[in-house]
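K.L.:
One structure coming up, written as structure tokens, with questions to follow.
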Amino acid sequence: MAQQTLALKCEHVVKRYGDLVAVNDVSLEIAVGEIFGLVGPNGAGKTTLIEMIESLRKPDSGSIRVLGLDPQAQSVELRERIGVQLQATSIQPNLKVKEAIGLFASLYRKSLLHPEELLETLSLADKANSRFRKLSGGQKQRVAIALALVNDPEILFFDEITTGLDPQARRAMWDLLREFHGRGKTVFLTTHYMEEAEALCDRVAVIDHGRIIALDTPANLVHNLKAGTKVLFRVTNRAVASAEFAKLPAVTRVEPKDDGFVLYTSDGNATLQELIRHADRQGLSLDAIRTETPNLDDVFLALTGREMRE
Ligand SMILES: Nc1ncnc2c1ncn2[C@@H]1O[C@H](COP(=O)(O)OP(=O)(O)OP(=O)(O)O)[C@@H](O)[C@H]1O
Ligand SMILES: [Mg+2]
Numbered sequence: 008m009a010q011q012t013l014a015l016k017c018e019h020v021v022k023r024y025g026d027l028v029a030v031n032d033v034s035l036e037i038a039v040g041e042i043f044g045l046v047g048p049n050g051a052g053k054t055t056l057i058e059m060i061e062s063l064r065k066p067d068s069g070s071i072r073v074l075g076l077d078p079q080a081q082s083v084e085l086r087e088r089i090g091v092q093l094q095a096t097s098i099q100p101n102l103k104v105k106e107a108i109g110l111f112a113s114l115y116r117k118s119l120l121h122p123e124e125l126l127e128t129l130s131l132a133d134k135a136n137s138r139f140r141k142l143s144g145g146q147k148q149r150v151a152i153a154l155a156l157v158n159d160p161e162i163l164f165f166d167e168i169t170t171g172l173d174p175q176a177r178r179a180m181w182d183l184l185r186e187f188h189g190r191g192k193t194v195f196l197t198t199h200y201m202e203e204a205e206a207l208c209d210r211v212a213v214i215d216h217g218r219i220i221a222l223d224t225p226a227n228l229v230h231n232l233k234a235g236t237k238v239l240f241r242v243t244n245r246a247v248a249s250a251e252f253a254k255l256p257a258v259t260r261v262e263p264k265d266d267g268f269v270l271y272t273s274d275g276n277a278t279l280q281e282l283i284r285h286a287d288r289q290g291l292s293l294d295a296i297r298t299e300t301p302n303l304d305d306v307f308l309a310l311t312g313r314e315m316r317e
């Protein structure tokens, strides 16, 4: 990627805490205008990496450039141009929402002309005069987002912004990010929610034990998995062995699961049709038949042998 179109470039970034290598030789490039997602389980190194990029932590080795700037040597210049989500706990509890916005806006040379519109977009207009401590968790989260947007940043950094939000508030957050992205801006986010990464991100890096173990578009990650579709069902009238289903067309693997079976197949339709015929012939009663197409959760499982969420 040409240098001027890069929002972020990390080369061989390492961060250690004693014997623990929290971020282990991470290299990645993000283009201006991308929504990039970093996904991984608890303790994978997401916050450590994002905070090094934001200039809040210092790498032990490697190089980071954000909009061509060095987060350590040029942090003042950089802070003007990026939006960093604050921890809700770092906002003065007695400040009113609009005072907090005014205070933060005053910290920047450039700030939004119409903070009222921002509050409107975040459905916070009726809370402008409420004190921070009186807001609900989701409302506090939205104030933190408003504060990250107050300097009209070129890149937004969000670390698990939707954790703890109800589904409706999560959707609203997605819309907000898409709108921001629609104005040609860049987003770097971390999340535990694979469906969030799939829904929002142009590209996703999967991080585990400090290492990036996969990086691609969500569709390519799933496609390259070649896990294919799953056909799930139960047999309700008699005991059957896994082997009975292994010979069905396109089936690559059979696994017993929850009083039933999972057939892994390269052709969900062919397997499903033949499964029903087979059951008919053999007098098997099938129940709860459904198919599942693979998603990023399956990618994580295939890469690490573990479930994404403990
Ligand atoms: N300041 C610190 N001192 C010592 N160890 C730390 C420090 N910060 C993080 N770690 C360790 O580094 C590893 C990575 O932590 P990090 O917070 O980056 O993970 P994460 O992917 O953000 O996890 P989560 O999903 O739980 O937020 C963890 O094992 C953590 O215990
Ligand atoms: Mg974290």
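For the sequence shown, position 173 (counting from the first letter as 1) is numbered 180 according to our numbering, and the numbering increases by one without interruption. Quick reminder that beta carbons are idealized off the backbone N, C-alpha and C, glycines included. These numbers were taken from a predicted model, which means no experiment stands behind them.
#1: With DSSP run on the structure shown, which of helix, strand or coil describes V83?
#2: May I have the straight-line CA-CA distance separating L270 from E262, to the nearest angstrom?
#3: Would you say I219 and V73 are within 8 Å of each other, going by their C-beta atoms?
#4: Excluding the five sequence neighbours on either side, which residues of its own chain have a C-beta within less than 7 Å of the C-beta of R297, listed in chain order?
#5: Taking the alpha carbon of P122 as the reference point, which residue from I152, L291, A14, G69 has its own alpha carbon closest?
#6: Taking the beta carbon of D215 as the centre, do at least 16 other beta carbons fall within 10 Å, making it buried, or is it exposed?
#7: Rounding to the nearest angstrom, what Cα-Cα distance links A286 and L207 in this structure?
#8: Among the candidates T193, L184, L232, whose CA atom is the shortest distance from the CA of T128?
#9: Do F164 and I42 have their beta-carbon atoms positioned less than 8 Å apart in this structure?
#10: Which ranges would you report for the alpha helix (DSSP H) in the stretch 186–210 if only whole runs of at least 4 residues count?
#11: Just to be sure I understand the criterion: a residue counts if its Cβ is closer than 7 Å to at least one heavy atom of ligand 2. Which residues meet that?
#12: Exposed or buried, which one is E203 when buried takes at least 16 other CB atoms within 10 Å?
#13: With DSSP as the reference, identify every bridge partner of R88, one or two as the case may be.
#14: Is Y200 near ligand 1, judged by its Cβ being under 7 Å from some heavy atom?
#15: Let me know the secondary structure DSSP gives K147 once reduced to three states.
#16: Using the beta-carbon count (16 or more within 10 Å), is V83 buried or exposed?
#17: Taking DSSP's pairing of strands, which residues face I162 in a bridge?
#18: For the candidate residues H199, S273, F195, Q289, whose alpha-carbon lies nearest to that of T243?
#19: With distances taken from CA atoms, which of E205, V213, E36, G217 is nearest A226?
#20: V46 and L308 - do their beta-carbons sit closer together than 8 Å?
#21: Within 7 Å: the Cβ of A51 and any heavy atom of ligand 1?
#22: Along the alpha helix (DSSP H) that carries G109, what are the first and last residues, could you check?
#23: Based on Cα-Cα distance, which residue from N231, L228, A277, V229 lies nearest to F252?
#24: Here's a check: name, in chain order, each residue in its chain whose Cβ is nearer than 8 Å to the Cβ of L156, leaving out the five neighbours to either side.
P.N.:
Looking at the atomic coordinates:
#1: In the structure shown, V83 adopts helical secondary structure according to DSSP, grouped into three states.
#2: Using only the alpha carbons, I get a separation of about 7 Å.
#3: With contacts defined as CB atoms closer than 8 Å, I219 and V73 fail to qualify as a contacting pair.
#4: The beta carbon of R297 is closer than 7 Å to those of L239 in its chain, skipping five residues each way along the sequence.
#5: Taking only the C-alpha atoms, the option nearest P122 is I152.
#6: It is buried - the Cβ of D215 has at least 16 other Cβ atoms within 10 Å.
#7: Going from the Cα of A286 to the Cα of L207 covers about 40 Å.
#8: T128 has its Cα closest to that of L184, out of T193, L184, L232.
#9: No, the Cβ-Cβ distance between I42 and F164 is not below 8 Å.
#10: List check, alpha helix (DSSP H) in window: 201–207.
#11: Per the CB criterion, closer than 7 Å to any heavy atom of ligand 2, the qualifying residues run in chain order as K53, T54, D166, E167, T197.
#12: It counts as buried.
#13: Beta-bridge pairing links R88 to no other residue.
#14: No, the Cβ of Y200 stays beyond 7 Å of every heavy atom of ligand 1.
#15: In the three-state reduction of the DSSP assignment, K147 falls in the helix class.
#16: Only exposed fits V83, as fewer than 16 other CB atoms lie within 10 angstroms of its CB.
#17: DSSP links I162 through a beta bridge to I89, T193.
#18: Nearest of H199, S273, F195, Q289 to T243, Cα basis: Q289.
#19: Out of E205, V213, E36, G217, E205 has the C-alpha closest to the C-alpha of A226.
#20: No, these two residues do not count as a Cβ contact at 8 Å.
#21: It does: the Cβ of A51 is within 7 Å (strictly closer) of some heavy atom of ligand 1.
#22: Taken as a continuous stretch (DSSP letters only), the alpha helix (DSSP H) holding G109 covers 104–113.
#23: Ranking the options by Cα distance to F252, first place goes to A277.
#24: These residues qualify, in order along the chain: G90, L119, L125, L163, F187.
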